[in-house]
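Under my numbering, read the sequence shown as residues -2 to 170, first letter to last. Just so you know, even glycine gets a beta-carbon here, dropped at the ideal spot from N, CA and C. The structure under discussion appears below in the form of C-alpha cells.
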Amino acid sequence: MSPDRLFVEHSVQGRYVSVTFTFRPFRPEDVGTYYGRFESASQPGTFKQIKCLTLNLAQISVDAQVIEVIPSQRLNRTSIPLRCNKCSIMGVMLRAVDGTVANLDPSRYSLRSYSDPQKFIVLDLEGTRPQDFGDYFAVLENEDGNEERIKALTIKCEFTIISMRDQDQECGD
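In C-alpha cells:
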C-alpha cells in the first residue's frame, strides 16, 4: 500500500500502546489483516508481531440517514432500512458531537424484519438533548457470526446563540 494513503500513529502509555490507522481514502483493496511489530523494552532487539486490525468486506448495507433538528424538538421513532441475511442487532452506539461515546438502552431500538434480506432498524428517539446529537452506529452480527459496526443515523442540530448587549439593564430601559 502506498505510504501516502495509510497513516499509522502510535502512542505509549505505561504498558499500553495505542495504534491508529487512517486510510485516505479507504479502498476495497485495503481489506485484510494488519500486524504491528513491537520491540521488547526489557530485551532490546527482540521483536514480537501482533495482529492489530482485521478488515473484512461488509455483508450488511445500510441506507444511512441524516436528521436535522432544532434544540428541544421531539422526535418519534425513526426507521432505517438495511439489507442483510440472517443478521441480528447487538446494540446501538452513539458517538456524540462532544466526543463522548454511549450505548443506547436496548429498550430504545429494535430490528424489524419483513422479508429476509430487507430489515429496518427502529430507533425510539424520545427527545433531543445536546448529548443526543451525533452519529448512531448499529452493531450487528452477520450470518457468519462476525460483528459489523455501521453508521446508520446522524442527528444534526444548528445552534443559534443570541447575545444580549447589556444584561444588567432591565427591559424597557
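Name, in chain order, the residues that DSSP records as bridge partners for residue 17. 6
Rounded straight-line distance, which links the Cα of residue 20 to that of residue 4: 7 Å
Should residue 13 go down as buried or exposed, given a rule of 16 or more other Cβ atoms within 10 Å for buried? exposed
Let me know the beta strand (DSSP E) ranges lying completely inside the segment 126 to 155, each 3 residues or longer, listed in chain order. 131 to 138 and 144 to 154
Where residue 12 falls: helix, strand or coil (DSSP): coil
Is it buried or exposed for residue 153, if we count other Cβ within 10 angstroms and need 16 for buried? exposed
From residue 83 to residue 114, what does the alpha carbon distance come to, in whole angstroms? 8 Å
By the DSSP assignment, the beta strand (DSSP E) with residue 63 in it spans what residues? 62 to 66
Could you tell me which of 77, 132, 11 and 120 sits nearest to residue 97, measuring between CA atoms? 132
N-terminal and C-terminal residue of the beta strand (DSSP E) that residue 96 is part of: Segment: none, residue 96 is in no beta strand (DSSP E) and carries neither H nor E.
Can you look up residue 105 in the DSSP assignment and give me helix, strand or coil? helix
Per DSSP, what are the beta-bridge partners of residue 58 in this structure? 80
Opposing strand residues paired with residue 119 [DSSP bridges]: 76 and 107
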